[in-house]
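Inspection log for the structure reproduced underneath, given as structure tokens.
Okay, here's the thing in structure tokens:
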């Protein structure tokens with residue numbers, strides 16, 4: 001396959017076929033109104049007059065962006081080896097996300113004059129134009145020769161078709177099966193041929209207008225078309241007769257819509273409610289649209305203004321839902337993207353927060369982002385966990401949306417520090433896909449001004465291990481009289497690593513343990529505005545002593561009576577959140593160590609559970625960690641006999657119920673719902689009875705829904721329930 005690279009060369013050879021596309025160069029260029037208020041200008045083999053204000057070398061552009069320079073051209077063969085022609089590719093400037101703006105013009109050989117076929121955005125910032133022409137045929141006699149043919153002298157301004165109804169974007173669909181294949185109904189192939197004939201008609205002459213209108217009136221159910229009135233008017237104005245209009249409309253009437261109405265009437269006779277009929281009909285119509293939707297046809301419905309029916313669809317929640325579903329599948333469809341923008345302008349930003357298309361337009365994404373932030377900062381811990389997933393999906397849809405969201409939150413967090421939690425959630429969401437997310441967060445924090453700190457923290461986070469050398473470097477920096485900002489240490493992943501090193505009994509920190517303790521104490525006890533070590537020495541030293549005392553106990557990992565003796569000492573320091581998190585690390589390590597789970601060592605578990613309940617009361621934000629520890633312990637496979645294991649799990653259920661009583665309701669119910677189909681049903685019933693005995697009305701809708709789901713899983717028929725369970729269901 002040959003490739004041509006030249007600024008003005010338009011010749012190309014593909015095997016025995018020689019091409020010369022210079023005849024397609026248009027003195028006034030080509031243009032297309034592809035969106036409301038947006039024009040796409042291009043030319044072939046010459047610069048485009050519509051782009052001269054941007055660059056004298058531009059061959060294609062849209063608004064203020066250049067999508068191709070004349071001297072940046074590549075000519076290749078068409079993807080289909082059976083089709084004569086070529087692909088001319090022009091490249092222009094860079095998009096904001098480092099993608100080269102590109103125009104791909106697919107020129108296909110045909111017997112007729114130059115015709116525009118389609119235009120769409122294949123990927124971000126890459127537009128594809130399909131054209132057919134006799135000027136796109138080989139010049140060596142294998143097809144139509146272009147010898148002696150002059151370049152077009154006028155610019156064909158290509159505009160989309162007139163607005164049509166939504167069914168024109170999904171194609172004609174029939175609600176019948178065998179009856180629709182009668183001789184009076186056009187076959188699919190016949191319809192395609194008819195449409196090709198319509199496209200081939202020259203619409204500039206009165207006779208051409210008449211023929212095009214007549215062809216449109218011959219389409220099945222043409223009387224149902226949204227522009228049928230204008231079509232009839234144009235037909236009669238250009239020489240057609242009213243009787244012919246009546247004949248064409250009546251002969252091609254199929255009545256599919258009326259068949260649907262008749263079927264709905266029949267369903268009402270069977271006793272089906274009106275709402276149920278409407279719901280079934282709308283659901284079936286949605287399925288048809290989802291199956292038949294053609295984004296290329298949909299993109300042709302725009303003219304000078306959007307169709308009126310689009311505004312009507314936006315006001316209906318069911319049709320908005322359909323637009324959301326279609327936009328997730330056809331992400332490059334201009335009509336759907338425009339509809340999403342209209343929906344956002346209408347005030348439905350919350351509905352489109354999770355859509356990938358929400359980030360296509362900056363104005364839409366910006367509104368969604370700001371509205372989501374306003375809502376998230378009002379939520380408590382439990383509500384935040386339930387609501388933030390959609391927010392993360394929106395912000396992490398692409399690289400530029402993630403960077404913009406993080407930069408905005410970082411600036412806002414200077415005034416509202418609590419927003420850092422949301423930034424950390426976004427970082428965790430992206431970190432599994434790209435490790436660079438953590439480096440981005442570090443760069444935004446001005447840590448580069450402290451090279452030693454940046455190097456040490458980056459090393460720890462990238463290796464997921466705190467080496468002695470890195471800890472010593474951090475200690476040296478943060479023990480200076482003028483201390484660096486403490487916010488560099490307040491990275492959840494870093495703090496978790498340090499706590500695990502200190503409180504996990506399987507780790508053995510002997511040398512430089514004091515430096516680990518100092519870094520952790522400094523992180524949790526020093527205010528953000530501190531710049532001098534002298535002003536915070538007293539509180540810092542108290543925290544260091546507390547961590548050192550508790551860490552020594554946890555490191556020794558006492559059992560039996562020794563454990564009972566140190567319980568008062570450990571409880572004395574539980575008020576400190578950092579001590580609480582350290583003890584949770586210690587408990588988790590012991591509970592998840594299978595060698596500790598034996599008939600003897602299970603005597604320690606009541607003490608561990610006691611600490612979990614105590615921490616649950618004192619530190620509400622630690623309840624998520626406590627629930628995770630209990631869930632992991634419940635799911636741990638042990639060597640205990642069946643009866644002992646059942647009793648142990650029942651004890652875990654008791655502690656989970658305690659967390660429930662402390663107000664951590666919905667997350668607990670979600671855990672039990674996930675367990676219900678997999679664990680011993682007696683344990684689920686035990687949980688249900690424990691909960692129902694301690695609750696009373698009024699109940700929230702979310703609570704009723706979750707509890708009912710759990711009960712139905714254990715007892716699908718809702719029979720043989722205990723009296724208290726049945727009372728709850730009746731309420």
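In full-length UniProt numbering, the protein residues as written are 1 to 731. All residues carry an ideal CB built from backbone N, CA and C; glycine is no exception.
- Taken atom to atom, the span from the alpha-carbon of residue 21 to that of residue 288 is near 42 Å.
- Counting every other CB atom within 10 Å of its CB across the protein chains shown gives residue 84 a total of 16 or more, marking it as buried.
- Leaving aside the five residues that flank residue 46 on each side, the residues in its chain whose CB is nearer than 6 Å to its CB run, in chain order, 25.
- Annotated three-state conformation of residue 419 is helix, per DSSP.
- For residue 464, the secondary structure class from DSSP, reduced to helix, strand or coil, is coil.
- Residue nearest to residue 344 within the set 580, 323, 106 is 323 (criterion: CA-CA distance).
- When DSSP reads this structure, residue 42 sits in a beta bridge with 30, 60.
- Counting only unbroken stretches of 4 or more residues, the alpha helix (DSSP H) elements lying wholly within the region 533 to 587 are 537 to 556, 560 to 572, in sequence order.
- Rounded to the nearest angstrom, the Cβ distance from residue 584 to residue 615 is 7 Å, consistent with a contact under 8 Å.
- Beta-bridge analysis with DSSP links residue 105 to 88, 129.
- A distance of 8 Å or more separates the beta carbons of residue 631 and residue 681.
- With contacts defined as CB atoms closer than 8 Å, residue 39 and residue 59 fail to qualify as a contacting pair.
- Per DSSP, the unbroken beta strand (DSSP E) holding residue 120 starts and ends at 115 to 123.
- Per DSSP, residue 75 is one residue of the beta strand (DSSP E) stretching across 73 to 77.
- Measuring C-alpha to C-alpha distances from residue 608 to each of 651, 575, 468, 643 identifies 651 as the nearest.
- When the five nearest sequence neighbours on each side are left out, the beta carbons in the same chain lying within less than 7 Å of the beta carbon of residue 72 are those of 90, 91, in order along the chain.
- For residue 540 against residue 481, the beta-carbon gap comes to about 13 Å, at or over 8 Å, which does not count as contact.
- In its chain, beyond the 5 residues on either side, 42 have a beta carbon closer than 6 Å to the beta carbon of residue 30.
- Secondary structure within the region 680 to 714: the alpha helix (DSSP H) runs of 4 or more consecutive residues, fully enclosed, are 681 to 694, 701 to 714 (chain order).
- Per the coordinates, the alpha-carbon of residue 351 lies some 50 Å from the alpha-carbon of residue 604.
- A Cβ-Cβ contact shorter than 8 Å links residue 662 with residue 617.
- Comparing C-alpha distances from residue 392 to each of 49, 431, 411 shows the shortest one belongs to 431.
- Residue 23 sits buried, since 16 or more C-beta atoms from the chains shown fall within 10 Å of its C-beta.
- At least 8 Å separates the beta-carbon of residue 646 from that of residue 710.
- If you draw a straight line from the Cα of residue 490 to the Cα of residue 474, it comes to about 13 Å.
- Around the beta carbon of residue 232, 16 or more other beta carbons sit within 10 angstroms, so the residue counts as buried.
- Around the beta carbon of residue 699, a 10 Å sphere encloses fewer than 16 other beta carbons of the protein chains shown; the residue is thus reported as exposed.
- When the beta-carbon positions are compared, residue 209 and residue 238 come within less than 8 Å of each other.
- At a Cβ-Cβ threshold of 8 Å, residue 634 and residue 554 do not count as neighbours.
- Rounded to whole angstroms, residue 436 and residue 278 show a C-alpha spacing of 50 Å.
- When the beta-carbon positions are compared, residue 406 and residue 441 come within less than 8 Å of each other.
- Secondary structure remark: continuous alpha helix (DSSP H) runs of at least 4 residues inside the region 209 to 246, in chain order: 228 to 237.
- Between the region 447 to 466 and the region 387 to 401, the count of C-beta pairs closer than 8 Å stays below three; the two stretches do not touch.
- If you draw a straight line from the Cα of residue 416 to the Cα of residue 385, it is about 19 Å long.
- Between the alpha carbons of residue 222 and residue 245 lies a gap of roughly 11 Å.
- Put simply, of 285, 619, 368, 32 the residue whose alpha carbon is nearest the alpha carbon of residue 318 is 285.
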